[in-house]
Amino acid sequence: MVEVTTEAVLQALRGVMDPELGDNIVDLQMVGDISILNGRVTVNVALTIAGCPLRAAIERDVVARVLVLDGVEFVDVAISMMDAEQKAAVMARARAVAKDRGTDTISKTTRILAIGSGKGGVGKSSVTTNLAVALATTGLTVGVLDADIWGFSIPRLLGMKGPVEAQGGKMQPIEAPCGAGRLKVLSMGFLADEDKAIMWRGLVLNRAVQQFVEDAAWGELDYLLVDLPPGTGDVAMGLVKVLPRAEMIVVTTPPVAAQQVAHRAADMARRGYLPVAGVIENMSAFLCDHGTSYALFGSGGGERLAEQLQVPLLAAIPLHPDMAAGGDIGEPSASGSGPLAAVFAELARKIVEDIAPPVSMQGCSARLLDALDKAVSEAV
33 MVEVTTEAVL
43 QALRGVMDPE
53 LGDNIVDLQM
63 VGDISILNGR
73 VTVNVALTIA
83 GCPLRAAIER
93 DVVARVLVLD
103 GVEFVDVAIS
113 MMDAEQKAAV
123 MARARAVAKD
133 RGTDTISKTT
143 RILAIGSGKG
153 GVGKSSVTTN
163 LAVALATTGL
173 TVGVLDADIW
183 GFSIPRLLGM
193 KGPVEAQGGK
203 MQPIEAPCGA
213 GRLKVLSMGF
223 LADEDKAIMW
233 RGLVLNRAVQ
243 QFVEDAAWGE
253 LDYLLVDLPP
263 GTGDVAMGLV
273 KVLPRAEMIV
283 VTTPPVAAQQ
293 VAHRAADMAR
303 RGYLPVAGVI
313 ENMSAFLCDH
323 GTSYALFGSG
333 GGERLAEQLQ
343 VPLLAAIPLH
353 PDMAAGGDIG
363 EPSASGSGPL
373 AAVFAELARK
383 IVEDIAPPVS
393 MQGCSARLLD
403 ALDKAVSEAV
């Protein structure tokens, strides 16, 4: 068995963010003792107040980050509360980090979900588009970064057109209202002709994605969905460095062959210390008008992959003609009614409530920071 070191665990934990304070829990000095015994790792984490609403999310992130280390078989998280001196140190660090936030184009409170697949043709972009619409419909502000530079399709699927303008040296994402919320979208499709090939390789591709992240004025977002190119190539691997706070959702179809290929995409994410948040099975059974269900592409691929990865199966999206028809005319199924809209609404609910809840600045750490600032102001 590979021996796990404390240094390796700490390095992994630097990917766990306190989203309200905008820094990782190691540098915020929230990590206490770490014990390692026979593949079982116990991490002590100190929170600012009892009953912190971010507790479950932090615990889940700690487990996800540490569990991918070679030699780790189980992760325990022991929660404690900070004393007054520790809280003061955390808030001092948070204020220092806050001063630098203006240089980051993506808010520290944004939940970043990378939508990936092992192969093309599984409907990953359609899933990304409809999930973005379903989230925005509830009143959230959702960014969509089309990182599939060669095979961009998000503009057509959303019915959005460029050109992209620049202000203050930053690209301005194309914005549109969506239900009670808003969409902000960047894609190579706004910068190039839809019928012209993008013949870029390696470093040039990575630089394009980096510019979409660092040289764009995304502003405040609740979620940023990143539509990855299929497979485990340069762009997908480069995302780890550009967006280290991202979590991956893997899209697969029912056949065993697609499931095994998708497993490789998940393995790539975990090797880059990106936690896998869940699996979506697309093109599931077709339900005809008279109520009979037909598993045209087999069954069980999503469930089997979720079991292999030990993550939840977030949705089984049925094969339905409305998905392609809506995408062709730029009217995603999630924006209407019917069976597909209901499936994506439920998927959005799971994301918001269970998998990656949006960060509210009314949470524990933010309230404490505001209270300390108020106390200082009143004292002056």
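Every letter in the sequence shown is one number past the one before it in the working numbering, and letter 75, counting from 1, is 107.
For each residue, glycine too, the CB sits at the ideal point set by N, CA and C.
Just so it is clear, the structure is predicted and the values come from calculations on it, not from any experiment.
Note that the C-beta distance between LEU215 and LEU253 is not below 8 Å.
Counting the other CB atoms within 10 Å of its CB gives LEU328 a total below 16, which places it among the exposed residues. For the 8 Å CB-CB criterion, PRO262 and GLY152 form a contact. Ranked by how close their Cα comes to the Cα of PHE318, the residues MET300, GLY211, LEU372 and ALA298 have LEU372 in first place.
The beta carbon of SER316 sits closer than 7 Å to the beta carbons of PRO286, ALA348, ILE349, PRO350 and LEU351 from its chain, once the five residues preceding and following it are set aside; these are given in chain order. Between SER157 and ILE186 a beta carbon distance of about 6 Å is seen, short of the 8 Å cut, so the two are scored as contacting.
When the Cα atoms are used, VAL73 and ASP108 turn out to be separated by approximately 6 Å.
The residue among ILE281, GLY71 and ALA124 with its C-alpha nearest the C-alpha of ASP102 is GLY71. In this structure, THR137 sits near ALA248, with a CB-CB distance shorter than 8 Å. Straight through space, the alpha carbons of VAL63 and LEU223 are spaced by roughly 44 Å. The beta carbon of VAL75 sits closer than 6 Å to the beta carbons of ILE66, VAL94 and VAL109 from its chain, once the five residues preceding and following it are set aside; these are given in chain order. If you draw a straight line from the Cα of GLU279 to the Cα of CYS320, it comes to about 35 Å. At a Cβ-Cβ threshold of 8 Å, VAL122 and GLN61 count as neighbours.
With respect to the 8 Å criterion, GLY213 and GLY251 are not classified as neighbours on the basis of their beta carbons. The criterion of a C-beta distance shorter than 8 Å is satisfied by LEU218 and VAL196. PRO364 and ALA88 have their alpha carbons spaced roughly 33 Å apart.
Your pair GLY333 and THR284 checks out as a contact, with CB atoms roughly 5 Å apart and the cut at 8 Å. The beta carbon of GLN204 lies closer than 6 Å to those of GLU197 and ALA249 in the same chain, with the five residues before and after it left out. The three-state reading of DSSP puts ARG72 in strand, counting E and B together.
Listed as beta-bridge partners of SER158 by DSSP are no residues whatsoever. VAL258 is positioned such that its CB atom lies no closer than 8 Å to that of VAL282. According to the DSSP assignment, THR38 belongs to no beta strand (DSSP E) but to the alpha helix (DSSP H) extending over 38 to 45. The DSSP-derived three-state label of SER369 is coil.
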